[in-house]
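Peer 1: Residues in the sequence shown are numbered consecutively from 15, following this note's numbering. Every residue, glycine too, gets a C-beta built ideally from N, C-alpha and C. Attaching a single structure in structure tokens format; questions to follow.
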Amino acid sequence: MNIEQTVSAAVAGLQLGSTFTLDDLLTAVRARRNRRLRIVELADLDTSDGICAVWLVTDTDDIVLHARSDSALHRQQFVLHEFAHMILGHCEGQDCAAEDVLLPNIPPYTRGRLLKRQDIDCDTEIAAESLADRLAAGIRGSVFAETRYSEVFG
Numbered sequence: 015m016n017i018e019q020t021v022s023a024a025v026a027g028l029q030l031g032s033t034f035t036l037d038d039l040l041t042a043v044r045a046r047r048n049r050r051l052r053i054v055e056l057a058d059l060d061t062s063d064g065i066c067a068v069w070l071v072t073d074t075d076d077i078v079l080h081a082r083s084d085s086a087l088h089r090q091q092f093v094l095h096e097f098a099h100m101i102l103g104h105c106e107g108q109d110c111a112a113e114d115v116l117l118p119n120i121p122p123y124t125r126g127r128l129l130k131r132q133d134i135d136c137d138t139e140i141a142a143e144s145l146a147d148r149l150a151a152g153i154r155g156s157v158f159a160e161t162r163y164s165e166v167f168g
């Protein structure tokens, strides 16, 4: 997998341009997946366990659960990483299936995502983090454009 090409194609496929707002991105992801998208902070999710966020899929919704952080940018990166998995089509179909005997009370899709996520050096995790970085840059660019940051500080 050529991660840079994959990420560039994903950004282009969103058709948002080089700068966009978080709301623009949310609209694009919802439209691309044709599903509702909810983002929920879980105060009890502890980032020291290595999981900052998780993407859950129900019959009608995509739900991103994320850990609390004092840093708005850190929280945003948690969420953008999960959006990146959605945009890149990671774990669609049976790609992330996991055996029922491992965690019988958790839906198969979620089990697979949680178990697969343990390998943070795999191509899918690196691609998701790279895309999340590009998405964050697009959002920052929008903020700078709105404030005329580059005219003042450029």
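By Cβ distance, which residues of its chain are closer than 7 Å to Val43, with the 5 residues on each side in sequence left out?
Peer 2: Once the five neighbours on either side are set aside, the close Cβ partners of Val43 are Leu51, Phe97, Met100 and Ile101.
Peer 1: In angstroms, rounded to a whole number, what distance separates the CA positions of Gly155 and Thr72?
Peer 2: Using only the alpha carbons, I get a separation of about 33 Å.
Peer 1: Measuring only the C-alpha atoms, how far is Glu55 from Ala86?
Peer 2: C-alpha separation (whole angstroms): 12 Å.
Peer 1: At what residues does the beta strand (DSSP E) containing Leu56 begin and finish?
Peer 2: Leu56 -> beta strand (DSSP E) spans Arg50 to Leu56.
Peer 1: Buried or exposed for Cys105, going by 16 or more other Cβ atoms inside 10 Å?
Peer 2: Buried: at least 16 other Cβ atoms inside 10 Å.
Peer 1: Out of curiosity, what's the CA-to-CA distance linking Asp114 and Leu70?
Peer 2: Because Asp114 sits at a pLDDT of 47, beneath the cut-off of 50, its placement in the model cannot be relied upon, and the point is left open.
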